[in-house]
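Residue 85 in the numbering used here sits at position 64 of the sequence shown; the count goes up by one each step and never skips. The C-beta atom is built at its ideal place from N, Cα and C for all residues, glycine as well. Just so it is clear, the structure is predicted and the values come from calculations on it, not from any experiment.
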Amino acid sequence: MDKARSHKPEYLVSNASFKDYSVPRVPLSLSETIDLPLRLILIAPISILFNVVRCLFLAWSGGLPLRLYVACGVIRVLFRHLSPRQMQLLAPSTLQIYRSWIPLRSARARMMRETAVKGRLREDIEPLPDGRSSIMWLGDRHKADRFVLFFHGGGYVSWLTQGHLEWCLQAYILADEKVEVAVAVLQYTMCPAAQYPVQLQQASAALAHLLSSGIDPGQIVVGGDSAGGNLTAQLLGHILHPHPSVEPIRLAKPLRAAFTVSPWVSTSINTPSFRENRHIDMLSPEISLRSSRTLLEGTGYEAEERKGYGWAMPVDAEDTWFDGLSKATKALDQGLVFADRILRRNKDVRVTLEVGESEAHDFILLEGMENFVGEATVRMRNWFSGVISDE
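Rendered as structure tokens:
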């Protein structure tokens with residue numbers, strides 16, 4: 022354990038004392054209210070059946086894992102046919118998922134005699150200064166000497182899932198029995214209740230909170246999946262080039278590492294991946310385009326892009342955007358185009374690129390949702406074990 026680390030007084034927030042600010046403040050419009058029953062009773066079931074059959078056929082013919090590609094088909098339908106507010110209304114919020122998962126997963130660990138899990142799961146929530154976001158802890162932050170700041174995906178419109186929490190448990194907390202790890206899961210504000218750069222402000226505040234509590238930056242790994250990968254890229258860009266609307270982050274030394282899983286780092290939908298996988302992946306070009314509009318429309322993004330700034334979508338910016346990345350992090354796990362940009366411009370950053378040949382978008386999340394440790398989870402665990410053991 023890092024002997025130089027000294028925590029400020031801390032507290033555990035109980036269910037009764039903490040308001041769930043993750044619940045959207047924007048109610049359904051009249052049209053959303055009227056057509057929701059129609060979408061749930063008629064449109065969604067037919068579309069799910071069609072997409073599941075198609076995904077089953079394409080996965081079977083391509084020798085791909087059937088169960089997870091069926092899940093891709095279902096998720097695709099929800100994102101395509103429900104508005105962000107409708108999805109948020111129908112699903113438990115981020116904090117509700119966290120609070121329900123902790124006792125359920127603890128009970129399962131006792132039943133399965135998973136001794137490594139014992140004492141590492143308890144409800145521990147720290148509100149952040151804006152009053153709309155918080156850190157939800159997995160693992161014992163008082164004993165930990167390695168930390169993960171985790172940003173969940175979902176296109177900035179879908180809540181955290183139990184799959185994210187299972188992934189964090191299996192890939193980080195249980196990665197190395199000799200190293201105590203705690204994961205700080207950021208509960209951030211969803212669109213359309215908030216747009217860019219509010220989520221960057223909240224991510225920056227979360228990292229600042231960890232640093233101000235006495236945690237050495239060299240003990241922190243930052244990362245996330247899909248939109249969480251985007252938020253990771255935003256935060257790294259902000260560390261290098263402070264965003265004018267966000268408090269700057271000053272690091273005494275680089276972060277230990279950063280990772281992104283299936284990162285969403287461009288508004289472009291004219292890529293081979295979208296064209297080749299549009300009928301089997303969980304994301305389609307149309308879904309990605311709508312997500313971009315929901316996050317960025319009416320913000321200062323277009324003006325930033327014209328000036329060459331890459332906070333929101335770094336692959337759409339100049340190649341030089343991530344020059345000097347070694348000042349922010351020592352190691353990086355990335356997606357294809359993103360990795361290429363960083364490799365060409367930062368020879369002193371150790372970049373690991375993992376490509377799952379038979380995997381769709383964000384397969385590690387699907388493994389977590391199915392409660393099994395698959396190939397994607399094992400790859401992440403192996404990478405993380407190497408990162409936290411390196412000195």
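Checklist entry - With distances taken from CA atoms, which of G319, R371, Y193 and L125 is nearest N403? => result Start at 1 with the first residue of the sequence shown, and residue 403 comes out as number 382. For the residues G319, R371, Y193 and L125, the minimum Cα distance to N403 belongs to Y193.
Checklist entry - Do you know offhand how far E307's Cα is from N291's? => result By 1-based counting over the sequence shown, the position of residue 307 is 286. By 1-based counting over the sequence shown, the position of residue 291 is 270. Spanning the two alpha carbons is a distance of roughly 11 Å.
Next on the checklist: When you compare the stretch 73–84 with the stretch 94–106, are there three or more beta-carbon pairs, one atom per stretch, that lie closer than 8 Å?
Outcome noted: yes
Checklist entry - Is it right to say H163 is buried, meaning 16 or more other beta carbons lie within 10 angstroms of its own, or is it exposed? => result Here residue 163 corresponds to residue number 142 of the sequence shown, with the count starting at 1. H163 should be labelled exposed.
Checklist entry - Which of the three DSSP states, helix, strand or coil, is assigned to G250? => result In the sequence shown, counting from the first residue as 1, residue 250 sits at position 229. In this structure, G250 counts as helix in the three-state DSSP scheme.
Item to check | Best match in R88, G319, A227 and I67 for proximity to L99 [C-alpha to C-alpha] | outcome: As a working note, residue 99 is residue 78 in the sequence shown. Checking every option, the nearest Cα to that of L99 belongs to I67.
Next on the checklist: As a quick exercise: from H259, D337 and E325, pick the residue whose alpha carbon is nearest that of T350.
Outcome noted: Position 329 of the sequence shown, counted from the first residue, corresponds to residue 350. Of the listed residues, the one whose Cα sits closest to T350 is H259.
Checklist entry - Sorted by chain position, which residues of the same chain lie with C-beta nearer than 7 Å to S283's C-beta, five sequence neighbours on each side aside? => result Against the sequence shown, residue 283 aligns to sequence position 262. Within the same chain, D246, S247, G250, G356, H382 and D383 come within 7 Å of S283 by CB-CB distance, once the 5 residues on both sides are set aside.
Checklist entry - Which one of V243, I64, Q109 and R88 has the shortest CA to CA distance from M211? => result Counting from one through the sequence shown, the residue named residue 211 turns up at place 190. Considering only alpha carbons, the answer is Q109.
Item to check | Which of helix, strand or coil DSSP assigns to M132 | outcome: As a first step, residue 132 is located in the sequence shown; it is residue number 111 there, counting from the start. Here M132 sits in helix by DSSP.
Next on the checklist: Three Cβ pairs or more, each shorter than 8 Å: is that satisfied between the stretch 178–191 and the stretch 389–399?
Outcome noted: Using a C-beta cut-off of 8 Å, the stretch 178–191 makes contact with the stretch 389–399, since at least three inter-stretch Cβ pairs fall below that distance.
Checklist entry - Can you give the Cα-Cα distance for R167 and L142, rounded to whole angstroms? => result Mapped onto the sequence shown, residue 167 falls at position 146. Mapped onto the sequence shown, residue 142 falls at position 121. Cα to Cα, the separation comes out at about 16 Å.
Item to check | Nearest-angstrom Cα separation, counted from P275 out to T253 | outcome: Counting from one through the sequence shown, the residue named residue 253 turns up at place 232. Counting from one through the sequence shown, the residue named residue 275 turns up at place 254. Going by the C-alpha atoms only, they are around 15 Å apart.
Checklist entry - Is it right to say S313 is buried, meaning 16 or more other beta carbons lie within 10 angstroms of its own, or is it exposed? => result Your numbering for residue 313 matches position 292 in the sequence shown. With 16 or more Cβ atoms within 10 Å of its Cβ, S313 is classed as buried.
Checklist entry - For the putative contact between R106 and E53, defined by C-beta atoms under 8 Å, what is the C-beta separation to the nearest angstrom? => result Looking up residue 106 in the sequence shown gives position 85. Looking up residue 53 in the sequence shown gives position 32. R106 to E53, Cβ: 6 Å. Contact.
Next on the checklist: Please identify the residue among E318, I363, R311 and G345 whose C-alpha is closest to the C-alpha of V336.
Outcome noted: The residue given as residue 336 occupies position 315 in the sequence shown. V336 has its Cα closest to that of I363, out of E318, I363, R311 and G345.
Checklist entry - Taking all protein chains shown into account, do 16 or more other C-beta atoms lie within 10 angstroms of the C-beta of S410, making it buried, or fewer, making it exposed? => result To locate residue 410, count along the sequence shown from 1; it is residue 389. That one is exposed.
Next on the checklist: I need the straight-line Cα distance from R101 to P48, nearest angstrom please.
Outcome noted: One-based indexing of the sequence shown puts residue 101 at position 80. One-based indexing of the sequence shown puts residue 48 at position 27. R101 and P48: Cα-Cα distance of roughly 20 Å.
Item to check | Span separating the alpha-carbon of R327 from that of Q220 | outcome: As a position in the sequence shown, residue 327 is number 306, starting the count at 1. As a position in the sequence shown, residue 220 is number 199, starting the count at 1. In a straight line, the C-alpha of R327 is about 22 Å away from that of Q220.
Item to check | Residue range of the unbroken beta strand (DSSP E) whose run includes E147 | outcome: The count along the sequence shown starts at 1 and reaches residue 147 at position 126. Unbroken beta strand (DSSP E) run through E147: I146 to P148.
Checklist entry - How long is the line joining the alpha carbons of A226 and L149, rounded to whole angstroms? => result Indexing the sequence shown from 1 puts residue 226 at position 205. Indexing the sequence shown from 1 puts residue 149 at position 128. Take the alpha-carbon of A226 and the one of L149: they are about 7 Å apart.
Item to check | Rounded straight-line distance, which links the Cα of F393 to that of V370 | outcome: For the purposes of this step, residue 370 is taken as residue 349 along the sequence shown, with counting starting at 1. For the purposes of this step, residue 393 is taken as residue 372 along the sequence shown, with counting starting at 1. One C-alpha to the other measures close to 32 Å.
Checklist entry - Is L207 closer than 9 Å to I123 when the C-beta atoms are compared? => result In the sequence shown, counting from the first residue as 1, residue 123 sits at position 102. In the sequence shown, counting from the first residue as 1, residue 207 sits at position 186. Not in contact: I123 and L207 (Cβ atoms no closer than 9 Å).
Checklist entry - Bridge partners of L387, per DSSP? => result Taking the sequence shown and counting its residues from 1, one reaches residue 387 at position 366. In the DSSP output, where bridge partners are listed per residue, L387 has none listed.
Item to check | DSSP state of F172 mapped onto helix, strand, coil | outcome: In the sequence shown, the residue the question calls residue 172 occupies position 151. Strand.
Next on the checklist: What ranges does the alpha helix (DSSP H) occupy inside the stretch 187–262, keeping only unbroken runs of at least 4 residues that lie completely in it?
Outcome noted: 219–233 and 248–261
Item to check | Pairwise C-alpha distance: P86 and G395 | outcome: Stepping through the sequence shown from its first residue, residue 395 is reached at position 374. Stepping through the sequence shown from its first residue, residue 86 is reached at position 65. Rounded to whole angstroms, G395 to P86 spans 11 Å at the Cα level.
Item to check | Through-space distance from F343 to G329, alpha-carbon basis | outcome: The sequence position of residue 329 within the sequence shown is 308, counting from 1. The sequence position of residue 343 within the sequence shown is 322, counting from 1. Approximately 12 Å between the Cα atoms of the pair.
Next on the checklist: Residues in the same chain with beta-carbon distance under 7 Å from L310, minus the five sequence neighbours each way, listed in chain order, please.
Outcome noted: Here residue 310 refers to the residue found at position 289 of the sequence shown. I290, listed in sequence order.
Checklist entry - Taking DSSP as the reference, what is the three-state secondary structure of S266? => result Locating residue 266 in the sequence shown gives position 245, counting from the first residue. Coil.
Checklist entry - Does DSSP put T320 in a helix, a strand or coil? => result Residue mapping note: residue 320 aligns to position 299 of the sequence shown, counting from 1. The answer is coil: DSSP assigns T320 none of H, G, I, E or B.
Checklist entry - How close, in whole Å, do the beta carbons of S154 and Q223 come, if the pair is a contact with beta carbons under 8 Å? => result Numbered from its first residue, the sequence shown carries residue 154 at position 133. Numbered from its first residue, the sequence shown carries residue 223 at position 202. Rounded, the Cβ-Cβ distance is 4 Å, consistent with contact.
Checklist entry - With burial defined as no fewer than 16 other Cβ atoms inside 10 Å of the residue's Cβ, what is the status of I55: buried or exposed? => result As a working note, residue 55 is residue 34 in the sequence shown. Answer is exposed; the Cβ neighbour count stays below 16.
Next on the checklist: Tell me which residue opens and which closes the alpha helix (DSSP H) that V73 is part of.
Outcome noted: Numbered from its first residue, the sequence shown carries residue 73 at position 52. A65 to S82 is the extent of the alpha helix (DSSP H) around V73.
Next on the checklist: Only counting the same chain, and skipping five residues up and downstream in sequence, which positions put a Cβ closer than 8 Å to that of A338?
Outcome noted: Against the sequence shown, residue 338 aligns to sequence position 317. Taken in chain order, the residues that qualify are E326, G329, Y330 and G331.
Checklist entry - Helix, strand or coil: which one does DSSP assign to A112? => result Numbered from its first residue, the sequence shown carries residue 112 at position 91. A112 falls in the coil class under three-state DSSP.
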